[in-house]
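To start, the structure itself, in structure tokens.
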Amino acid sequence: MILVDDNTYYETLEILRGDKKLPEIFIELKQWLYEEYDIHAYNFEFKEIFPNSPAHKFRLYIMLQSRDEFFSMFKGYTYDSKKQKAIADKLFDLAKKYNLESISNYKDVFVAYVDFLDEMRFDYFKQAYRLIRKPLIEKYQIYSVWTLFNRFSQLTVFYQNEINGKTNEFIGISKQIKDEFYETLHMLDEFNVFTYDNFDVHFDSKENLDNKFEGNLFYYWKS
2 MILVDDNTYY ETLEILRGDK KLPEIFIELK QWLYEEYDIH AYNFEFKEIF
52 PNSPAHKFRL YIMLQSRDEF FSMFKGYTYD SKKQKAIADK LFDLAKKYNL
102 ESISNYKDVF VAYVDFLDEM RFDYFKQAYR LIRKPLIEKY QIYSVWTLFN
152 RFSQLTVFYQ NEINGKTNEF IGISKQIKDE FYETLHMLDE FNVFTYDNFD
202 VHFDSKENLD NKFEGNLFYY WKS
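In the numbering used here, the protein residues as written are 2 to 224.
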């Protein structure tokens with residue numbers, strides 16, 4: 002995953018499927034977050050930031066429903082410190098209410114957030130890419146497909162040259178490649194985080210990569 006460890010990611014999917022429930026303290030915190038900030042928390046990760054360090058500082062990581070909700074917790078380019086403190090204080094109050102052990106761990110925690118939709122997009126796209134990349138290249142080599150790359154959940158299809166790209170767009174091959182990749186992606190995407198319209202495919206050529214970026218993908222992605 003991108004920002005969430007595998008255990009938390011798969012646990013959150015279990016919660017979304019209804020196969021697992023949040024602990025009572027987090028059910029109450031989730032409701033409070035919705036009432037206070039109009040955000041939907043899927044799950045929470047509570048762990049020590051630097052295990053075995055003298056500071057014993059803990060972090061509450063909140064899995065949010067969308068990018069809009071994620072950015073609503075910012076003020077400018079950083080987290081809104083007032084919201085962070087309010088959430089940390091609420092967690093500490095709830096920890097006392099539920100009489101949790103090691104209560105000091107819940108005092109002045111660092112609060113952070115993640116756009117969980119982005120985590121799911123990354124996972125499903127990566128799975129689809131690994132599954133169908135080679136078959137697509139083999140199938141469409143006859144139409145001068147050179148290779149396919151996945152970068153940040155965007156598929157880039159490289160034809161051999163610019164003429165191939167224009168021709169294949171005109172005769173519908175480019176759309177066919179997109180359709181076939183999307184079909185595989187949709188099969189894996191159990192929560193429908195992708196739609197055909199928000200599924201991003203870019204078509205380019207090896208000729209363009211060689212001429213403008215010296216054949217270097219690092220320069221290409223950086224541009």
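Ideal Cβ placement from N, Cα and C applies to all residues, glycine included.
Can you check which of these residues, His187, Leu156, Ile143 and Val194, is closest to Asn174 by C-alpha distance?
The residue you call residue 174 lines up with position 173 of the sequence shown. In the sequence on display, residue 174 carries Ile and not Asn. Comparing Cα positions, the closest option is Ile143.
Q) Taking all protein chains shown into account, do 16 or more other C-beta atoms lie within 10 angstroms of the C-beta of Glu191, making it buried, or fewer, making it exposed? A) The residue labelled residue 191 in the question sits at position 190 within the sequence shown. By the 10 Å Cβ count, Glu191 comes out exposed.
Straight-line Cα distance separating Lys84 from Phe126: Locating residue 126 in the sequence shown gives position 125, where the first residue counts as 1. Locating residue 84 in the sequence shown gives position 83, where the first residue counts as 1. Cα to Cα, Phe126 sits roughly 33 angstroms from Lys84.
Checklist entry - Since Arg68 sits in a beta bridge, which residues does DSSP pair it with? => result In the sequence shown, residue 68 corresponds to position 67, counting from 1. Its beta-bridge partners do not exist; DSSP assigns none.
### Message
Per DSSP, what are the beta-bridge partners of Phe47 in this structure?
### Response
For the purposes of this step, residue 47 is identified with residue 46 of the sequence shown, where counting begins at 1. Answer is Leu61, bridged to Phe47.
Taking all protein chains shown into account, decide if Arg18 is buried (16 or more other Cβ within 10 angstroms of its Cβ) or exposed. The residue you call residue 18 lines up with position 17 of the sequence shown. Label assigned to Arg18: exposed.
What is the rounded straight-line gap between the Cα of Glu120 and the Cα of Phe27? Position 119 of the sequence shown, counting from 1, holds the residue named residue 120. Position 26 of the sequence shown, counting from 1, holds the residue named residue 27. Cα to Cα, the separation comes out at about 21 angstroms.
* Asked: By how many angstroms is the C-alpha of Phe71 removed from the C-alpha of Phe93?
  -> Your numbering for residue 93 matches position 92 in the sequence shown. Your numbering for residue 71 matches position 70 in the sequence shown. Answer to the nearest angstrom: the Cα atoms are 22 angstroms apart.
Practice item. Would you decide whether Tyr10 is buried or exposed? Buried here means 16 or more other CB atoms lie within 10 Å of its CB. Key: Within the sequence shown, numbered from 1, the residue matching residue 10 stands at position 9. Label assigned to Tyr10: buried.
inquiry  = Tell me the residue span of the beta strand (DSSP E) that contains Thr168.
reply    = Taking the sequence shown and counting its residues from 1, one reaches residue 168 at position 167. Counting along the chain, Thr168 falls outside any beta strand (DSSP E), though it belongs to the alpha helix (DSSP H) covering Glu163 to Ile172.
Notebook entry, point to check: Who are the Cβ neighbours of Tyr1 in its own chain at under 7 angstroms, not counting the five residues just before and after it?
Noted result: Here the chain has residues from 2 to 224 only, and residue 1 is not among them.
Taking 8 angstroms as the threshold (C-beta atoms), are Lys207 and Phe159 in contact?
On the sequence shown, residue 159 is found 158 positions in, with the first residue counted as 1. On the sequence shown, residue 207 is found 206 positions in, with the first residue counted as 1. Yes, these two residues count as a Cβ contact at 8 angstroms.
Is Lys22 helix, strand or coil when you go by DSSP? Taking the sequence shown and counting its residues from 1, the one referred to as residue 22 is at position 21. Residue state, collapsed to three classes: coil.
Exercise. Going along the chain, which residues of its own chain have a beta-carbon closer than 7 angstroms to the beta-carbon of Trp147, five neighbours each way excluded?
Worked result: Taking the first residue of the sequence shown as 1, we reach residue 147 at position 146. Closer than 7 angstroms at the Cβ level, and outside the excluded window around Trp147, lie Phe159, Tyr160, Gln161 and Lys207.
Review point. Helix or strand or just coil, what does DSSP make of Phe159?
Key: On the sequence shown, residue 159 is found 158 positions in, with the first residue counted as 1. Three-state result, Phe159: strand.
Quiz item: Relative to the C-alpha of Ser105, which residue among Lys58, Gly166, Tyr130 and Phe204 is closest?
Solution: Residue 105 sits at position 104 when you count from the first residue of the sequence shown. Answer by Cα proximity: Lys58.
Straight-line CA distance for His187 to Asp6?
Position 186 of the sequence shown holds residue 187. Position 5 of the sequence shown holds residue 6. Cα to Cα, His187 sits roughly 24 angstroms from Asp6.
>> For Asp198, count the other beta carbons within 10 Å of its own beta carbon; 16 or more makes it buried, fewer makes it exposed. Which is it?
In response: In the sequence shown, counting from the first residue as 1, residue 198 sits at position 197. Classification for Asp198: exposed.
Exercise. Under 8 angstroms by Cβ, that's how I've got Trp33 and Lys97 pegged, so tell me the actual separation to the nearest angstrom.
Key: For the purposes of this step, residue 33 is taken as the residue at position 32 of the sequence shown. For the purposes of this step, residue 97 is taken as the residue at position 96 of the sequence shown. With a Cβ gap of about 15 angstroms, Trp33 and Lys97 do not count as contacting.
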